[in-house]
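Numbering (the numbering used here), first residue to last: 6 to 175.
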């Protein structure tokens, strides 16, 4: 949260954003890191996540970290106290459809120079019985919970859990 809030304040009155990095459990996204991916063309009403820069940033964050660490969503700011826009939700729907897994969106609104209540959404591609049908995605409000546990500890714990599930049984 600190990375996102600091970047949001520094960018005012423009939007800024980036990627969310972490891991997934069976029914939730655990964000352990947020990275800023600048968009020099951002305005007070638009931020575009540049894919090549986002990919480079993800690669940089994965160096020397747990193998469970991966892309889990996007974040951006609004320089006004407004929730995710229709464009934001449509983009989340496209990303979730392509990912085939749960994906998060965090929007941090600001009112002048003060952060307001953060908005979190998740998108999840629904199983389709017809292969020719366009992917259906459910978008839900998501509770946003923070912890004092470090990112490294959360990631190590997730990796240990994954490794124990993959270990052959005697």
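By construction, the Cβ of each residue, glycine as well, lies at the ideal position given by its N, Cα and C atoms.
Enumerate in chain order the residues of its own chain whose CB-to-CB distance from residue i is below 6 angstroms, with the five nearest sequence positions on each side excluded.
{"i": "residue 168", "result": "none"}
{"i": "residue 58", "result": "42"}
{"i": "residue 165", "result": "none"}
{"i": "residue 159", "result": "37"}
Where does residue i land, buried or exposed, given buried means 16+ other C-beta within 10 angstroms?
{"i": "residue 175", "result": "Residue confidence for residue 175 is low, a pLDDT of 49 falling below 50, so the modelled location carries little weight and cannot support an answer."}
{"i": "residue 31", "result": "exposed"}
{"i": "residue 81", "result": "buried"}
{"i": "residue 15", "result": "exposed"}
{"i": "residue 46", "result": "exposed"}
Counting only the same chain and skipping the five closest in sequence on each side, list residues whose C-beta sits under 7 angstroms from that of residue i.
{"i": "residue 142", "result": "98, 101, 102, 128, 129, 130, 131"}
{"i": "residue 17", "result": "84, 115, 118"}
{"i": "residue 161", "result": "71"}
{"i": "residue 147", "result": "109, 125, 126, 127"}
When you compare each of the options to residue i by their alpha carbons, which one comes out closest?
{"i": "residue 163", "options": "34, 20, 18", "result": "34"}
{"i": "residue 90", "options": "59, 51, 57, 107", "result": "51"}
{"i": "residue 55", "options": "145, 22, 157, 86", "result": "22"}
{"i": "residue 126", "options": "84, 96, 13", "result": "96"}
{"i": "residue 60", "options": "124, 42, 165, 12", "result": "42"}
{"i": "residue 157", "options": "19, 70, 121, 57", "result": "70"}
{"i": "residue 106", "options": "11, 160, 29", "result": "29"}
Report all residues from its chain with a CB closer than 8 angstroms to the CB of residue i; omit the five preceding and five following residues, and keep chain order.
{"i": "residue 36", "result": "25, 26, 27, 77, 78, 109, 111"}
{"i": "residue 63", "result": "24, 26, 40, 75, 76"}
{"i": "residue 151", "result": "6"}
{"i": "residue 66", "result": "26, 38, 40, 74"}
{"i": "residue 88", "result": "112, 114, 124"}
{"i": "residue 48", "result": "19, 20"}
{"i": "residue 11", "result": "none"}
{"i": "residue 53", "result": "44, 46, 47"}
Just list the residues that DSSP pairs residue i with in beta bridges.
{"i": "residue 29", "result": "34"}
{"i": "residue 130", "result": "142"}
{"i": "residue 41", "result": "23"}
{"i": "residue 81", "result": "22, 112"}
{"i": "residue 76", "result": "26"}
{"i": "residue 125", "result": "111"}
{"i": "residue 148", "result": "According to DSSP, residue 148 bridges with nothing at all."}
If residue i and residue j are in contact, beta carbons under 8 angstroms, what's the gap, nearest whole angstrom?
{"i": "residue 113", "j": "residue 9", "result": "6 angstroms"}
{"i": "residue 86", "j": "residue 121", "result": "4 angstroms"}
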